[in-house]
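Colleague: A single structure is presented below for examination.
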Ligand SMILES: [Zn+2]
């Protein structure tokens, strides 16, 4: 299991996406690619245990309906 870097370190996805799509992770509040296409409300370190639990196909939460 990888150890997340300090919360002052943004998620790598935040570094490669447009600045206006960066938001705070819903779990740990670090900067992550949150909005727009390919965004996620969770950073990769918060998403990791979620994906292990629900399967790798899970990318968005509560998008049904
Ligand atoms: Zn997080």
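Residue numbers (my numbering): -16 to 48.
For each residue, glycine too, the CB sits at the ideal point set by N, CA and C.
#1: Would you say the beta carbon of residue 10 comes nearer than 7 Å to a heavy atom of ligand 1?
#2: On the three-state DSSP scale, how would you describe residue -10?
#3: Excluding the 5 residues flanking residue -5 on each side, which residues of the same chain have their C-beta closer than 8 Å to its C-beta?
#4: DSSP three-state label for residue 19, please.
#5: In or out: residue 25 buried (at least 16 other Cβ within 10 Å) or exposed?
Modeller: In terms of the structure at hand:
#1: yes
#2: coil
#3: 27
#4: coil
#5: buried
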